[in-house]
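Protein chains: 2
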Amino acid sequence: MQSFDIDKSDIQKIKQALEGPEDELQLLLEDYHASELAILFESIPLEAQKRIVHLLSVEIASQVISEMKAEAHPEDLLIDLPSEKRQEIVEELDYDDATDIISQLDKEDQHEILQDLDSEDAVHIRNLMTYAEDTAGGLMNTEVIKVDAAMTKKQAIDQIVLQSEEIEEFYTIYVVDHQDVLQGIVSLKDIIKAKSGVSIAQLVNTNFVYVKTDTDQEQVADLISQYNLTSIPVVDVNMKLMGRVTFDDVIDVLEEENTEDILKFSGVSEDEQLSGNWWDAVKSRLPWLILNLGTAFLASSVIRYFEPTVSKLVVLAGYMTIIAGMGGNAATQALAVTIRRITLSDLTDNQAYRTVLKELTVGLINGAVNGLIVCVFAYFYDDNLLLGLVIFIAMTGNLLIAGITGAGIPLFLKRVGVDPAIASSIIITTFTDVFGFLFLLGLASKLLL
Amino acid sequence: MQSFDIDKSDIQKIKQALEGPEDELQLLLEDYHASELAILFESIPLEAQKRIVHLLSVEIASQVISEMKAEAHPEDLLIDLPSEKRQEIVEELDYDDATDIISQLDKEDQHEILQDLDSEDAVHIRNLMTYAEDTAGGLMNTEVIKVDAAMTKKQAIDQIVLQSEEIEEFYTIYVVDHQDVLQGIVSLKDIIKAKSGVSIAQLVNTNFVYVKTDTDQEQVADLISQYNLTSIPVVDVNMKLMGRVTFDDVIDVLEEENTEDILKFSGVSEDEQLSGNWWDAVKSRLPWLILNLGTAFLASSVIRYFEPTVSKLVVLAGYMTIIAGMGGNAATQALAVTIRRITLSDLTDNQAYRTVLKELTVGLINGAVNGLIVCVFAYFYDDNLLLGLVIFIAMTGNLLIAGITGAGIPLFLKRVGVDPAIASSIIITTFTDVFGFLFLLGLASKLLL
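Top line first, the protein sequences correspond to chains A and B. Numbered according to the working numbering, the first sequence terminates at residue 475, and the numbering increases by one at each position without gaps. Numbered according to the working numbering, the second sequence terminates at residue 475, and the numbering increases by one at each position without gaps.
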C-alpha cells in the first residue's frame, strides 16, 4: 500500500457514510490507517468521532487517539467515551501518550480515568505526570527492553522475546545491573550474531549517549539528530534507567520548535496555538504590538523633529517611507539568515565577526543599487539631482545599518546568554525606521533647504 | 558517556594540539565522537583537517566526512587526500553519503575517485548519481537487509547475520520475491519469536508504506513522520526494491525545509546557503529587494497623491509611519500563524473560512486597542480630538486589512495551487502600507482640512 495523506474527497466520503448504515461505514473505515483517521478527526464533531471509535478495534482506536494533535483535543473524546471502552483504550496506549492526553484534563476527570486502570498502569502514568512536559522525562516512555549484564545470550533472547510482547517497536536493548543502573547498550543483531554461551557483559557497548529526566527537549532532539539515534535512554541522578525517548517523538519536537521559531521571529508569542481562537490570538499578539507601538513612536519622533523640513519639502514624505521600508526588509533578510545559522550551529567568535562583516558588505551593495534606482527616479520625476543624491546616501546608509543590526543584534544576544530569537523583526526594524528617517531628513535639512 | 556539542574550549584545545607533537594530538582526538570532529572541521583550514584525518582510523575518518555539512565542503578534503587513503574512506562510506559528496566534485575529479573503487561500488555510486538530489532516489541508501519470502526462519536468520556484516544499522527487514520485487516487511523480533520451520511468507506484513525513486523528499519526510517509521523502502516502477530512506536522513530534510521556510518568509531566496559569502547573499536577496522597491513606490504614490494634505497638516507625516508600521507587523503575525498552519496540515474550506474570520476579529480588536492609545496621545499632545478619531479609524481599518490579507492571501494561493510561502512578509506589507496611508490621509483630507 502506497499511502499518502487522507484528502478532502476521502473526508467527504466518510462524512457521507456517517449518515448511512453502520456496516458500510465500518467497511469504509478499514481502508484507512490510524494516522489518517487522526487527521479526519480534526475536522469532524465529537459525536461523529465517538461513533467511529465504537466501530474500531481497541488497538486502532488507541492509535488514532495517540496520533491526534493536541489541538484536536483527544482528551475530550476520551473522557466522553463509556468507561469500559475508555479503560481498554488507555491500557492499550503507550504510557507517554496516555500521560500527555490525561494531563490535559482537569483533576476530577484525571482521577476518574486513573481509578479505572490497574494499579501498575496508574502508578506509571502518575509518575510520568510529575515531569515537565518539555523535558526528557515528559517525552519519555517508561517501557523499554532491558537485559541484565550477567545474562547469557540464551537468557537474554528469552527475556527480549518476553518483554517484546508489551512493546511494539524497539531498536536498542539497554543493559542494566541488578539495581537497574544503566551499563550500556546492545543491539539485537549483535546478540544473535554472538556465539552461544557468551554473556551480555561481553557484548555491551559502554560508549553511549544518554540524557537525564530533566534534560530540555530541544537538547534531546539535538542529540538524537546529531548521533543519528533511534532512541536515547533517560536516567535519573543515580544513573538508574527510567525510560527512553524515541526518534518519532523528536520529529514532533522539531516541528514544534520550528513553529515556535517562526512565530517568535514574527512577533507572536511562542505559546500561541496555531488553531486557537481569536481571544488566544489577541492575548498572544497584543503585547508585542503595544511594544511595537512604543518603538513606532520613537521612529515617528524623528519625523516630528524634522517637521519643518518636511513641511518645506513635502516630497520627502513619499521618499521617507520607501527608505524606511527597504531598510526593514533588508534587516529582516539578514536577521532570518543569522537566526537560522545560530539555531543550527554554534558560531565561534571569528565566524560571528565574519558574519557581521558579510552582512555589512551585503547591505552596502544592496543599498547602493536600490539607492541608485531611486536617485535616478528623483532626478527625472522630481527634476532634483541633489535630492536624488541625498536619497542615495540615505538608502545606502540605512541598508548598511540593516545588515549590521540584523546580524549583530542576535549574535550579541546569543553571546550574553539571551535567546537571540527575541530579536524579532519587530525589534530590528525599529533601528532601520529611526536611522532611515534620520539619514534622509537630517541630510535633507542640511543640503536641500 | 553523556556527550554534548563540542564547544569553543574543546576546539581551542585541539587547535593548540595541532601545533604540538603528533601523539598528544592523537590521544586528545580519542575523546571525541566523529560527529563532534565533523563540527570541528567546519572551523579549521583544509591542511589541519588533512592532518587530523591521517591520525584517525578509516572507520572514524569516513564517519567524520559523512557527518560534515555540505557547506563545509567534505569533497574538498576528500579529493585532497592521497589516493589510497581516499579509496579506503570512500569504500567505508554508505553509498548514499559517498554519492552526495562525490556529486559535488567536477567530472574529472569524480572520475579519478570512481576509477580507484572496485567495480561493484563504482556501479552503485554511478547509479545513485542519476537520481535528483531532492527525491527518494537521491536520499536513499542501496544497502538494505532483504530476505526471500520462500525462506524458512533459520535460512532468514543466517541471511540477516550475513548481510548485517555490511550494514551498521537496520530496523526493518524487507521481504522480496526471487525477482527482487518487494512483497512486504518483517521485523527481526517477529522472526526470532516465530516457531522454527515457519516460512517468511507466513510472517510478512504486506500492509506497508513505500515510495518511488522519484517521490519528492518532502513527501518522504512527511510519510516517515506521519507513520513513525525508522525507514521506508524505495521501489522502481516495477515495485523492484531499490533501497531505503532512513529516519536520520529525514531529520536532515526537515531542518533543511525549515530553513527554506524561514528564508522564504523573510524574502530571501530559499537557495541561499546560510554560510555563503557576500556575493551569494547579494544575488539571492537583491531581486526581492528590487521587487519590494516597486511595491514601495506604489505605497509612496498614495502619499504623493495626498501631498497637499500632508503639507497643510505636517503632523500627519509622523502618524502615517506609525499606522503603516503597525499594520505591517500585525500582518506579519497573521501570516506567520497561517503559513505554519498550512505547512503542518491541509485545511478544509470551512477551516480556511474560519481562519480568515478569526484573523479579521483579531485585527479589529488589536487595531481598536492600539488606535485608542494613539488617539489619546493625539488628543493630549496635539490637542486635536478629530485628528485622534481619524487615527483611531485608520489604525483599526489597517489592522483589519492586515488580518484579512495575512490569512487570506496564503490560503488563496494554496487553493489555486501556488506555494503559499511566496506570500512573504514583503508582499503582504505592501497592502498594509497602501491601505494605512489611504485610510489616514484620505480621512484627513475629508475631515481635517
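Think of the CB as a built atom: it goes at the ideal place given N, C-alpha and C, for glycine as much as any other residue. This structure is a prediction, so every number in the text was calculated from the model and none was measured.
query	result
Is any beta-carbon of chain A found at less than 9 Å from that of B/Gly351?	yes
Of all Cβ atoms in chain A, is any one closer than 9 Å to the Cβ of B/Gly423?	no
Have a look at A/Asp22 and B/Leu315 and give me their C-alpha separation to the nearest angstrom.	Only positions 27 to 475 of chain A appear in this structure, which leaves residue 22 of chain A out of reach.
If the cut-off is 8 Å on Cβ atoms, which residues from the stretch 298-313 of chain B count as contacting chain A, listed in chain order?	Glu298, Leu300, Ser301, Asn303, Trp304, Ala307, Val308, Arg311 and Leu312
How would you call A/Phe457, buried or exposed, if buried means at least 16 neighbouring beta carbons within 10 angstroms?	buried
Any idea if A/Glu68 is buried or exposed, counting beta-carbon neighbours within 10 angstroms, 16 or more meaning buried?	buried
State the DSSP-derived secondary structure class of B/Thr272, mapped to helix, strand or coil.	strand
Report the residue from B/Thr364, B/Ala227 and B/Lys221 whose alpha carbon sits nearest the alpha carbon of B/Val201.	B/Ala227
What does A/Asn231 pair with, by DSSP beta-bridge criteria?	A/Ile211
Report all residues from its chain with a CB closer than 8 Å to the CB of A/Leu412; omit the five preceding and five following residues, and keep chain order.	Leu473 and Leu474
Return the bridge partner residues of B/Asp242 from the DSSP annotation.	B/Thr161
Output, in chain order, the set of chain B residues within a Cβ distance shorter than 8 Å of A/Glu281.	Ser251, Leu280 and Leu370
Take B/Thr402 and list the residues in its own chain whose beta-carbon comes closer than 8 Å to its own, dropping the five residues that flank it on each side.	Per the sequence shown, the amino acid found at residue 402 of chain B is Val instead of Thr. Excluding residues within five positions, the ones whose Cβ falls inside 8 Å are Gly414.
If you count every other CB in all the chains shown that lies within 10 Å of the CB of A/Ser257, and 16 or more means buried, which is it?	buried
Does any CB atom of chain B fall closer than 9 Å to the CB of A/Leu319?	yes
In whole angstroms, what separates the C-alpha of A/Ile419 from that of B/Ala350?	24 Å
Could you work out which residue in A/Asn392, A/Leu469 and A/Ile186 is closest to B/Leu214 when comparing CA atoms only?	A/Ile186
Could you tell me whether the Cβ of A/Gln377 comes closer than 9 Å to any Cβ of chain B?	yes
Am I right that A/Thr431 and A/Ala357 are in contact with their C-beta atoms under 8 Å? What's the rounded C-beta distance?	6 Å
Quick check on DSSP: helix, strand or coil for A/Thr168?	coil
Sorted by chain position, which residues of the same chain lie with C-beta nearer than 7 Å to A/Asp306's C-beta, five sequence neighbours on each side aside?	Glu298 and Gln299
Assign B/Ile151 to one of three DSSP states: helix, strand, or coil.	helix
Compile a chain-ordered list of the residues in the stretch 247-276 of chain A whose CB is closer than 7 Å to at least one CB of chain B.	Ser251, Gln252, Tyr253, Asn254, Thr256, Phe273 and Asp274
Would the stretch 331-344 of chain A count as touching the stretch 267-278 of chain B if we require 3 or more Cβ pairs under 8 Å?	no
Taking Cβ positions, are A/Asp262 and A/Lys290 nearer each other than 9 Å?	no
Starting from B/Ile329, find everything on chain A with Cβ-Cβ shorter than 7 Å and list it in chain order.	Ala343, Gly344 and Thr347
Can you give me the Cβ contacts of A/Tyr197 inside the same chain, cut-off strictly under 6 Å, excluding the 5 residues immediately before and after it?	Thr256 and Ser257
The alpha helix (DSSP H) that contains A/Ile86, what's its start and end?	Val84 to Glu93
Is any beta-carbon of chain A found at less than 9 Å from that of B/Lys384?	yes
Which two residues bound the contiguous beta strand (DSSP E) that contains B/Pro313?	Unbroken run through B/Pro313 is the alpha helix (DSSP H), Trp304 to Tyr331; no beta strand (DSSP E).
Just mark B/Asp123 as buried or exposed, buried being the case when its beta carbon has 16 or more other beta carbons within 10 Å.	buried
Taking the beta carbon of A/Ser190 as the centre, do at least 16 other beta carbons fall within 10 Å, making it buried, or is it exposed?	buried
Determine whether the beta carbon atoms of B/Val90 and B/Ser61 lie at a separation below 9 Å.	yes
Compute the Euclidean distance between the alpha carbons of A/Asn264 and A/Asp206, then round it to the nearest angstrom.	10 Å
For B/Leu131, does the three-state DSSP call read helix, strand or coil?	coil
Can you find the residues in the same chain that come closer than 8 Å, C-beta to C-beta, to A/Gly468, ignoring five residues on each side of it along the sequence?	Phe332
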